[in-house]
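Going down the list, the sequences are from chains A and B.
Residues 1 to 250 in our numbering are what the first sequence spells out, letter by letter.
Residues 251 to 684 in our numbering are what the second sequence spells out, letter by letter.
For each residue, glycine too, the CB sits at the ideal point set by N, CA and C.
Read the structure below first, then the notes.
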Amino acid sequence: MALLEVKDLKVRVEEREILHGLTLTVNEGEVHAIMGPNGSGKSTLSHVIAGKPGYEVTDGQILFKGEDLLEMDPNERAAKGVFLAFQYPVEIPGVATMTFLRTALNAQRKARGESEYSTPDFLKKVREVSKSLNIPQDMLKRGVNVGFSGGEKKRNEVLQMALFEPSLCILDEMDSGLDIDALRIAADGVNALRSPGRAMVVITHYQRLLNYIVPDVVHVMSKGRVVKSGGKELALELEASGYAQFEDAA
Amino acid sequence: MNVAVAKTGNGRAVSDLFASAEGRLAGSPSVIAVRREAFETYERLGLPHRRIEEWKYTDLRALVGEVPPLAAAPDAAALKRAADAVKTHAIVGARKLVLVDGVFAADLSDVKALASEVSFKTLREALEKDSGLLTTAATDAVIALNAAMATDGVVLSIADGTQLSAPIQIIHIATAASASGFTRSQVAIGKGARATIVESFVAAGAKAYQVNDALTVTVGDDADVAHIRLMDDAPDAVNVSSHFVTIGANVKFNFFNMTTGAAVSRLQGFITLAGEGSELSANGVNLLQKTEHGDTTLVVDHAVPNCVSREVFRAVIDDRAHSVFQGRIIVRPDAQKTDGKMMTRALLLSDEAEADNKPELEIFADDVSCGHGATAGALDDSLLFYLKARGLPEKQAQALLIQAFVGEAIEQIADDGLREHVIGIAERWLERRS
Numbered sequence: 001m002a003l004l005e006v007k008d009l010k011v012r013v014e015e016r017e018i019l020h021g022l023t024l025t026v027n028e029g030e031v032h033a034i035m036g037p038n039g040s041g042k043s044t045l046s047h048v049i050a051g052k053p054g055y056e057v058t059d060g061q062i063l064f065k066g067e068d069l070l071e072m073d074p075n076e077r078a079a080k081g082v083f084l085a086f087q088y089p090v091e092i093p094g095v096a097t098m099t100f101l102r103t104a105l106n107a108q109r110k111a112r113g114e115s116e117y118s119t120p121d122f123l124k125k126v127r128e129v130s131k132s133l134n135i136p137q138d139m140l141k142r143g144v145n146v147g148f149s150g151g152e153k154k155r156n157e158v159l160q161m162a163l164f165e166p167s168l169c170i171l172d173e174m175d176s177g178l179d180i181d182a183l184r185i186a187a188d189g190v191n192a193l194r195s196p197g198r199a200m201v202v203i204t205h206y207q208r209l210l211n212y213i214v215p216d217v218v219h220v221m222s223k224g225r226v227v228k229s230g231g232k233e234l235a236l237e238l239e240a241s242g243y244a245q246f247e248d249a250a
Numbered sequence: 251m252n253v254a255v256a257k258t259g260n261g262r263a264v265s266d267l268f269a270s271a272e273g274r275l276a277g278s279p280s281v282i283a284v285r286r287e288a289f290e291t292y293e294r295l296g297l298p299h300r301r302i303e304e305w306k307y308t309d310l311r312a313l314v315g316e317v318p319p320l321a322a323a324p325d326a327a328a329l330k331r332a333a334d335a336v337k338t339h340a341i342v343g344a345r346k347l348v349l350v351d352g353v354f355a356a357d358l359s360d361v362k363a364l365a366s367e368v369s370f371k372t373l374r375e376a377l378e379k380d381s382g383l384l385t386t387a388a389t390d391a392v393i394a395l396n397a398a399m400a401t402d403g404v405v406l407s408i409a410d411g412t413q414l415s416a417p418i419q420i421i422h423i424a425t426a427a428s429a430s431g432f433t434r435s436q437v438a439i440g441k442g443a444r445a446t447i448v449e450s451f452v453a454a455g456a457k458a459y460q461v462n463d464a465l466t467v468t469v470g471d472d473a474d475v476a477h478i479r480l481m482d483d484a485p486d487a488v489n490v491s492s493h494f495v496t497i498g499a500n501v502k503f504n505f506f507n508m509t510t511g512a513a514v515s516r517l518q519g520f521i522t523l524a525g526e527g528s529e530l531s532a533n534g535v536n537l538l539q540k541t542e543h544g545d546t547t548l549v550v551d552h553a554v555p556n557c558v559s560r561e562v563f564r565a566v567i568d569d570r571a572h573s574v575f576q577g578r579i580i581v582r583p584d585a586q587k588t589d590g591k592m593m594t595r596a597l598l599l600s601d602e603a604e605a606d607n608k609p610e611l612e613i614f615a616d617d618v619s620c621g622h623g624a625t626a627g628a629l630d631d632s633l634l635f636y637l638k639a640r641g642l643p644e645k646q647a648q649a650l651l652i653q654a655f656v657g658e659a660i661e662q663i664a665d666d667g668l669r670e671h672v673i674g675i676a677e678r679w680l681e682r683r684s
């Protein structure tokens, strides 16, 4: 069943069109990779799906579980099950990570009409997941991402994915700034979350990440459109031949 | 200054006020003479206005205009309302001294419980002997007005070495509408003593009233003092308060001011480090909305060498509110090795909100480390989006960021219980806002 349907999406930023009619369908349980050169509109797509301000959708639509995502505030999208793992997670001094996690989880549950997580259940869950992601407990007491290394910030994103249990995870350049060990830990965390009811969209510039998170479908983006789609072998092909061939196609 | 302008209708209003109140003002004939002289000073100056440098951002003549008549002494109904307010605002475990409409309310206070640790009198009692209580280290028109009009207050003396077992909370309650309350208090803390003093300013149903309070604190050597002021007067009230603090040697003094109420408020603190080796931590938060005007003015005077002062101030300003922070650090010629720093930040929640920061360093010694910093800005959109993308609705995301912002000042409160209490006040303010 289609979880995410992006139809002929056109998006402007400050009078400049970035996405020129992008179409993409992601089904439940699938992992899609979106590859493309810098400036092809990959991050714009992820921001528009999450609801970041500053983007003007001039045409097309985004349906999530059949509902119009563009009509929802970012927090409503999160409560419905959309999760964006940020390329550059922000630092929030003065807001303890634990407080943030609990506040966010309960806000989502409240929006869905569910009861708040009990404290013992919440703590147990956080401990379990943070342990598997190699996140020390004292990190959770610090301000959100404050003083975290690049790898720690990305692991903190994966920790949130595991806690919030979204049905659509968009990973925006998760590999940027990570060394191989950090990448492996984060990727293992993501792989553990693969499930039949959950889809993932992995946005990356390099094929490297896809050695760790193996996609079902690979899309190539160029100049604001998806110009080619295929199986995981497409990523290897790109690694060998580069993006230049698609620049002309677009 | 322009004397002709100072003698406007404002001075006349006070003149009538003084004449009609004179019968209720405590003191021996010599005290009354001091009051009359103070009143004449006030009448000569009039309410402070923008051409007086210290009051540049808080023009009381424009903001307040008139001083309403002295509040009547509280009757039984007023005291009943005040008793309810005490229940709401009392700090758990604290010993209370309650002033209602400027009059000490013995029945609402814990005088007996205090007696074992502290010597206590009302200002009214103390003025029978001592006219010195009406003079202060600094003076201006509102302080002179306070000296002229102060009806009552608390006079506390904490003996050397006393370790107070509970905080002392002075609660000012207004029950009378369109009236003025003038109070003046003194707290003397002995050498090596340990004390926590909390001041609360609240309303019990009163509207459009004015508070003018003065507090003198003297701290003996080696004492450890926490002083918290919580001003939550009615949204249309005026509160002008003056602190005169003199700190001895090797003292730890931890001060915090929280402003969450009043249409117009000013706290002016004059703090003198008069003994070597002391550490002053003076901090505050202004939470302002609608058209509120909140001014925190601190003058920290390093009169001797080897003292440390730290000031952390945060303002959150919504709607068309206006926050003022004036921080002056004076380092006297002999005050070598002074370490004085001040950091103030304002968070503007609306395009029409206004913040004025005026740091002033007056350094007359050459071997010192002093500095100040000031910023003003809006909430960071990228942080807001991150929180919203994690499921927090706009107002809740804002509230979390605002709490973190004011937390930088609140965390300077050394006492765990009081810190939690102040965090609770900030949380309730944010709930009121959303």
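Does residue i have its Cβ less than 8 Å from a Cβ in chain A?
i, result
"Q646 (chain B)", "yes"
"E658 (chain B)", "yes"
"K362 (chain B)", "no"
"F506 (chain B)", "no"
"A639 (chain B)", "yes"
"A654 (chain B)", "yes"
"L480 (chain B)", "no"
"F635 (chain B)", "yes"
"L598 (chain B)", "no"
"S559 (chain B)", "no"
Are any of the Cβ atoms in chain B nearer than 8 Å to that of residue i?
i, result
"Q160 (chain A)", "yes"
"D188 (chain A)", "no"
"T119 (chain A)", "no"
"A240 (chain A)", "no"
"D73 (chain A)", "yes"
"A50 (chain A)", "yes"
"G81 (chain A)", "no"
"F122 (chain A)", "no"
"F86 (chain A)", "yes"
"I92 (chain A)", "yes"
"N156 (chain A)", "no"
"T103 (chain A)", "yes"
"V95 (chain A)", "yes"
"L107 (chain A)", "In the sequence on display, residue 107 (chain A) carries Ala and not Leu. With 8 Å as the cut-off, A107 (chain A) counts as an interface residue toward chain B."
Taking the continuous beta strand (DSSP E) assigned at residue i, which residues delimit it?
i, result
"T308 (chain B)", "Looking at the DSSP string, T308 (chain B) is not in any beta strand (DSSP E), and its letter there is neither H nor E."
"D474 (chain B)", "D474 to D482"
Along the chain, where does the alpha helix (DSSP H) containing residue i start, and where does it finish?
i, result
"A332 (chain B)", "A326 to H339"
"V190 (chain A)", "I180 to A192"
"S492 (chain B)", "Where S492 (chain B) is concerned, there is no enclosing alpha helix (DSSP H), although the beta strand (DSSP E) it sits in stretches over V488 to I497."
"F164 (chain A)", "G150 to F164"
"T291 (chain B)", "P279 to L295"
"K7 (chain A)", "Element bounds for K7 (chain A): not the alpha helix (DSSP H) but the beta strand (DSSP E), A2 to V13."
"T172 (chain A)", "It is worth fixing the name first, because residue 172 (chain A) is Asp in this sequence and not Thr. Unbroken run through D172 (chain A) is the beta strand (DSSP E), L168 to D172; no alpha helix (DSSP H)."
"L133 (chain A)", "It is not in any alpha helix (DSSP H) - L133 (chain A) carries neither H nor E in the DSSP assignment."
Would you call residue i buried or exposed, if buried means 16 or more other Cβ atoms sit within 10 Å of its Cβ?
i, result
"G189 (chain A)", "buried"
"I579 (chain B)", "buried"
"R682 (chain B)", "exposed"
"P583 (chain B)", "exposed"
"K540 (chain B)", "exposed"
"N260 (chain B)", "Reliability of the predicted coordinates at N260 (chain B) is poor, the pLDDT of 48 falling under 50, and the value obtained from them is presented with this limitation in mind. Label assigned to N260 (chain B): buried."
Would the stretch 347-359 of chain B count as touching the stretch 423-437 of chain B if we require 3 or more Cβ pairs under 8 Å?
yes
Taking 8 Å as the cut-off, does the stretch 279-289 of chain B touch the stretch 379-388 of chain B (at least 3 CB pairs, one atom from each stretch)?
yes
Mind listing, in chain order, the continuous beta strand (DSSP E) runs of no fewer than 3 residues lying wholly within the stretch 515-598 of chain B?
529-538, 543-552, 558-567, 572-581 and 589-598
Pick out the complete beta strand (DSSP E) segments inside the stretch 353-440 of chain B, 3 residues or longer, and give them in chain order.
368-372, 404-408, 418-424 and 430-439
Runs of beta strand (DSSP E) wholly within the stretch 602-679 of chain B (minimum 3 residues, chain order)
604-613 and 619-627
With contact counted as at least three CB pairs below 8 Å, one residue from each stretch, are the stretch 136-147 of chain A and the stretch 7-23 of chain A in contact?
no
Stretch pair the stretch 98-116 of chain A + the stretch 642-653 of chain B: three plus CB contacts closer than 8 Å
yes
Can you find at least 3 beta carbon pairs, one from the stretch 434-448 of chain B and one from the stretch 465-482 of chain B, that sit closer than 8 Å?
yes
Quick test of the definition: if touching needs 3 or more C-beta pairs under 8 Å, does the stretch 588-607 of chain B touch the stretch 64-74 of chain A?
no
Pick out the complete beta strand (DSSP E) segments inside the stretch 197-232 of chain A, 3 residues or longer, and give them in chain order.
199-204, 217-222 and 225-230
Do three or more CB pairs link the stretch 397-415 of chain B to the stretch 439-455 of chain B at distances below 8 Å?
yes
Would the stretch 480-492 of chain B and the stretch 512-519 of chain B be scored as touching if the rule is three or more Cβ pairs under 8 Å?
yes
Entirely within the stretch 19-86 of chain A and at least 4 residues each: give me those alpha helix (DSSP H) ranges in chain order.
Qualifying alpha helix (DSSP H) stretches, in chain order: 42-50 and 74-80.
Three CB pairs or more closer than 8 Å across the stretch 42-55 of chain A and the stretch 227-237 of chain A
No, because fewer than three Cβ pairs between the stretch 42-55 of chain A and the stretch 227-237 of chain A fall closer than 8 Å, the two stretches do not touch.
Does the count of Cβ pairs from the stretch 216-224 of chain A and the stretch 154-161 of chain A closer than 8 Å reach three?
no
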